[in-house]
Structures are given as C-alpha cells and as structure tokens.
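In this note's numbering, the protein residues as written are 19 to 109. Here a beta-carbon is modelled for each residue, glycine too, at the ideal position from N, C-alpha and C.
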C-alpha cells in the first residue's frame, strides 16, 4: 500500500473512532439528562422527597411526644467522625 493510501486509511480510522466517541458521549449525555430529570422530579416542591421528609418529621414529633421530649430544647450534639478501616468513631 502506498504512503498516501496508508494516510487515507488512517484518516478514515480516526474519523470512525471520533464518530464512535461522539456517539458514546451523546448516549451518556442522554442518560445523564434522564437521571437529572428524575432528580428534579424527586426533589421538586411537593415531590416524593419533600413528602418523605414531612412524614418523617411528623413521626419524630409523635415519638418525641410519646417520650415527653421537648424537641425545641434538645441539648446540642458533638459531631463524630467515622474512621474508615478502624471502625472507630472520633469527635
């Protein structure tokens, strides 16, 4: 094969590789878009996420009431840090 024929073949291969990359990228962007729409629906006002938070808050209020705990005057908590690998919690 001549040098020019080899160059043409390389160009065609590069064009095909680029087209394949563009196709893959387009498919990934489409999947990302679908996932973002799901997140948007889940987190929108009146959505499932808000509904679950409201339901959980109501359950906590009911449980606190049963235990006679004043949620407005809870003592502050020290946050802990979990050390991965050791399984220990440290402040």
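| message | Using 8 Å as the threshold, is the C-beta distance between residue 79 and residue 89 below it? | response | By one-based count along the chain shown, residue 79 stands at place 61. By one-based count along the chain shown, residue 89 stands at place 71. Result yes, Cβ atoms of residue 79 and residue 89 sit closer than 8 Å.
**Request:** Within the region 27-108, note down every full beta strand (DSSP E) run reaching 3 residues or more, in order along the chain.
**Result:** 99-101, 106-108
| said: Quick check: the Cα distance between residue 64 and residue 81, rounded to an integer number of angstroms? | reply: Taking the chain shown and counting its residues from 1, one reaches residue 64 at position 46. Taking the chain shown and counting its residues from 1, one reaches residue 81 at position 63. So the two alpha carbons sit approximately 24 Å from each other.
Q) On the three-state DSSP scale, how would you describe residue 20? A) One-based indexing of the chain shown puts residue 20 at position 2. Coil.
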